[in-house]
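Each remark here refers to the structure printed beneath this line.
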Amino acid sequence: MLQNRSSYPPQQSAVAPSLASSSEKSIPTSLTPSALRTSVTTPRKVTIYDRNLNRRAPELSLAAFAFLFNEIVQYSQKNVKGIQEMETKLSENGYHVGQRVLELTVIREIKSAKRETRVLGLLQFINTSIWKSVFGKPADALEKSKDQEDEYMIIDNDPIVNKYISVPKEMSQLNCAAFQAGIVEAVMDGCQFPARVTAHSVPTDLFPLKTVFLVKLDPVVVERERYMR
Amino acid sequence: MARTPRQVGEEVWKTRVEKVNAELVTLTYGSVVAQLCKDFGNDYIQVNEQLDKMGYNIGIRLIEDFLARTNTSRCRTFKDTAEIISKVGFKIFLNITPTVGNWSQDNKQFSLIFDENPLADFVELPDDGKAVNELWYSNILCGVLRGALEMVQTQVEAQFINDVLRGHETTEMRVTLIRILEDEMPVGDD
Chain A
1 MLQNRSSYPP QQSAVAPSLA SSSEKSIPTS LTPSALRTSV TTPRKVTIYD
51 RNLNRRAPEL SLAAFAFLFN EIVQYSQKNV KGIQEMETKL SENGYHVGQR
101 VLELTVIREI KSAKRETRVL GLLQFINTSI WKSVFGKPAD ALEKSKDQED
151 EYMIIDNDPI VNKYISVPKE MSQLNCAAFQ AGIVEAVMDG CQFPARVTAH
201 SVPTDLFPLK TVFLVKLDPV VVERERYMR
Chain B
1 MARTPRQVGE EVWKTRVEKV NAELVTLTYG SVVAQLCKDF GNDYIQVNEQ
51 LDKMGYNIGI RLIEDFLART NTSRCRTFKD TAEIISKVGF KIFLNITPTV
101 GNWSQDNKQF SLIFDENPLA DFVELPDDGK AVNELWYSNI LCGVLRGALE
151 MVQTQVEAQF INDVLRGHET TEMRVTLIRI LEDEMPVGDD
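Chains A and B, in that order, give the protein sequences. According to UniProt numbering, the residues represented by the first sequence are 1 to 229, in order. According to UniProt numbering, the residues represented by the second sequence are 1 to 190, in order.
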């Protein structure tokens, strides 16, 4: 439209190509100020990306989490055929959380962070940093399986997700900390140490909710470990 | 002298509440909503309903926890109820105190205006052009209120009318009193 208008006297347009070119130049210059004006008049919206991630995390009541988690368990119980499928669902929920927890923790510890290249280093990072930032305390122990080269165990004597959950007798196989296992699995995967993580109840008299998180490494990881040794 | 709701809330929060990292709750709630969106094939109306249902389930059990911790006595007016919800209820569970306001003429309707909402931290709605118009991300809270109040003989309707996630100025929930339920004696029981 602009060009049509600039060549408004039709006879002249053919005669003066220089005029046409000058009018072409005038188009961008006439556009720029208006483009500038709009960017000035519309105030930049504050988005979630402007927020400072290092802000110390506030606290909520444990009850709020317990109630919410309870609903997750109830919901996961629907439309599943067995306990295993239910644990998978819980684990998927945890995975979603774990991916984000890893990102947050790494961003916050960026100064002291180093890239973990060995299994043990990463597991220790999970045992301390991740556990602390999510559950407020480090995990209670980290063990290596005696028989299996590719298995490690993270032990939590009193996982908070299980605090208000009592498992009915007929479902004694179930451990809702599968959710927590999902978090660990996401962190392992996210750090390029693919693994399967499952939760197993190992009740003791002192710690009735004691849970072992079994980390089974992918063969790829085991092979890399051997190579790096 | 009777203590104000704000003092009660502060005290209970400080002394009688076990705490947990808020981000765990935020992210966990996020995973719930994400899961529901997936399960219902992004039918956000259904997601709202399901969240409300989950909230209701929470509410009917949460009220007991609330009463046990706070020793609250019966509210005499709906205005008292609103104050207690904001200054004590939200305080001891989510550590926020939404502002009570916009009362209707007949005092049967008020708004809770959330300056902060721990559930919605880190959250952006899906940019499919639908979620911004249909999804009430924090809808679980409406269910919680409805369920909890029903257990103390107060039938209400609660719904969000504004949400910063949708680009509104504030996050606002509208609570409407339907009726006060009467205790009914079973027939033949004196």
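Glycine included, each C-beta is placed from N, C-alpha and C at the ideal position.
Please name the residue, chosen from the options, that lies closest to residue i on a Cα-to-Cα basis.
i, options, result
"D127 (chain B)", "B:D52, B:D106, B:N102 and B:G167", "B:G167"
"N21 (chain B)", "A:T47, A:P58, A:L142 and A:N54", "A:P58"
"D205 (chain A)", "A:Q77, A:K216 and A:D158", "A:D158"
"I180 (chain B)", "B:L165, B:V32, B:E150 and B:I84", "B:E150"
"T15 (chain B)", "B:R69, B:L94 and B:E49", "B:R69"
"I45 (chain B)", "B:T77, B:Y137 and B:I178", "B:Y137"
"K144 (chain A)", "A:P219, A:F213, A:I48 and A:I72", "A:F213"
"K38 (chain B)", "A:E87, A:Q74, A:N93 and A:N70", "A:N93"
"L119 (chain B)", "A:F179, A:Y75, A:R196 and A:A64", "A:A64"
"D80 (chain B)", "B:L62, B:E64, B:N95 and B:G101", "B:G101"
"N54 (chain A)", "A:K81, A:E87 and A:I107", "A:I107"
"S111 (chain B)", "B:F78, B:D121 and B:E134", "B:F78"
"R182 (chain B)", "B:L165, B:V152, B:G9 and B:T170", "The residue asked about is misnamed: residue 182 (chain B) is Glu in this sequence, not Arg. Answer by Cα proximity: B:V152."
"Q192 (chain A)", "A:R115, A:S76 and A:Y75", "A:R115"
"V220 (chain A)", "A:L209, A:P208 and A:M188", "A:M188"
"S112 (chain A)", "A:R51, A:S129 and A:L120", "A:S129"
"G129 (chain B)", "B:V25, B:E23 and B:D43", "B:D43"
"K87 (chain B)", "B:F122, B:I113 and B:Q105", "B:I113"
"E223 (chain A)", "A:Q173, A:R118 and A:S201", "A:R118"
"D115 (chain B)", "B:T170, B:Q105 and B:C142", "B:T170"
"W131 (chain A)", "B:A148, B:T154 and B:L24", "B:L24"
"R229 (chain A)", "A:V73, A:T198, A:L120 and A:S76", "A:L120"
State the start and end residues of the unbroken alpha helix (DSSP H) segment that holds residue i.
i, result
"M188 (chain A)", "A178 to G190"
"Q77 (chain A)", "L62 to Q77"
"E23 (chain B)", "A22 to D39"
"V47 (chain B)", "Y44 to T70"
"E170 (chain A)", "Here E170 (chain A) belongs to no alpha helix (DSSP H), and DSSP marks it neither H nor E."
"R16 (chain B)", "Counting along the chain, R16 (chain B) falls outside any alpha helix (DSSP H), and DSSP gives it neither H nor E."
"L181 (chain B)", "L181 (chain B) -> no alpha helix (DSSP H), and no H or E assigned at all."
"Y95 (chain A)", "I83 to R108"
"Q148 (chain A)", "Per DSSP, Q148 (chain A) belongs to no alpha helix (DSSP H) and is neither H nor E."
"Q124 (chain A)", "V119 to F125"
"A120 (chain B)", "Here A120 (chain B) belongs to no alpha helix (DSSP H), and DSSP marks it neither H nor E."
"C75 (chain B)", "Here C75 (chain B) belongs to no alpha helix (DSSP H), and DSSP marks it neither H nor E."
"V161 (chain A)", "That residue, V161 (chain A), is in no alpha helix (DSSP H); it is neither H nor E in DSSP."
"E116 (chain A)", "Premise fails: E116 (chain A) is in no alpha helix (DSSP H) and is neither H nor E."
"I130 (chain A)", "Note, I130 (chain A): premise wrong, no alpha helix (DSSP H); not H, not E."
"K111 (chain A)", "First-last for K111 (chain A): undefined, no H or E at that position."
"V144 (chain B)", "I140 to E150"
"L94 (chain B)", "F90 to L94"
Out of curiosity, what's the CA-to-CA distance linking residue i and residue j?
i, j, result
"P203 (chain A)", "D140 (chain A)", "14 angstroms"
"A131 (chain B)", "G30 (chain B)", "15 angstroms"
"residue 194 (chain B)", "C176 (chain A)", "In this structure chain B extends from 1 to 190, so residue 194 (chain B) is not present and cannot be described."
"L31 (chain A)", "L90 (chain A)", "In this prediction, L31 (chain A) has a pLDDT of 44, which is less than 50 and means its spatial position is unreliable; nothing more can be read from the coordinates."
"S39 (chain A)", "S133 (chain A)", "Confidence at S39 (chain A) is low in this model, with a pLDDT of 43, below 50, so the placement of that residue should be treated as unreliable; the coordinate-derived value is given next. Taking the straight line joining both Cα atoms gives about 40 angstroms."
"I161 (chain B)", "R174 (chain B)", "7 angstroms"
"K216 (chain A)", "E151 (chain A)", "5 angstroms"
"V156 (chain B)", "F125 (chain A)", "48 angstroms"
"E172 (chain B)", "A82 (chain B)", "14 angstroms"
"V101 (chain A)", "N107 (chain B)", "44 angstroms"
"L177 (chain B)", "V144 (chain B)", "15 angstroms"
"A181 (chain A)", "Q99 (chain A)", "12 angstroms"
"I48 (chain A)", "H96 (chain A)", "19 angstroms"
"R6 (chain B)", "P98 (chain B)", "12 angstroms"
"E149 (chain A)", "V184 (chain A)", "19 angstroms"
"I63 (chain B)", "N71 (chain B)", "11 angstroms"
"F179 (chain A)", "D163 (chain B)", "29 angstroms"
"C211 (chain A)", "V123 (chain B)", "For the sequence presented, residue 211 (chain A) should be read as Thr rather than Cys. Cα-Cα distance, rounded: 31 angstroms."
"G82 (chain A)", "F69 (chain A)", "19 angstroms"
"F90 (chain B)", "E170 (chain A)", "37 angstroms"
"V33 (chain B)", "S73 (chain B)", "35 angstroms"
How far does the beta strand (DSSP E) with residue i in it reach, from first residue to last?
i, result
"Y152 (chain A)", "E151 to D156"
"Q159 (chain B)", "T154 to N162"
"F213 (chain A)", "T211 to L217"
"E134 (chain B)", "Per DSSP, E134 (chain B) belongs to no beta strand (DSSP E); it is in the alpha helix (DSSP H), A131 to E134."
"A82 (chain B)", "Looking at the DSSP string, A82 (chain B) is not in any beta strand (DSSP E); the run it does join, the alpha helix (DSSP H), is F78 to I84."
To which residues does DSSP link residue i through a beta bridge?
i, result
"I113 (chain B)", "B:T99 and B:E172"
"T198 (chain A)", "A:L214"
"A139 (chain A)", "A139 (chain A) pairs with nothing; no bridge assigned."
"E59 (chain A)", "B:N21"
Measure how close the beta-carbons of residue i and residue j come, nearest whole angstrom, since I'm counting them as under 8 angstroms.
i, j, result
"F93 (chain B)", "S61 (chain A)", "5 angstroms"
"L51 (chain B)", "L36 (chain B)", "7 angstroms"
"I140 (chain B)", "G55 (chain B)", "4 angstroms"
"E71 (chain A)", "N57 (chain B)", "6 angstroms"
"L142 (chain A)", "L123 (chain A)", "6 angstroms"
"G147 (chain B)", "I84 (chain B)", "G147 (chain B) to I84 (chain B), Cβ: 16 angstroms. No contact."
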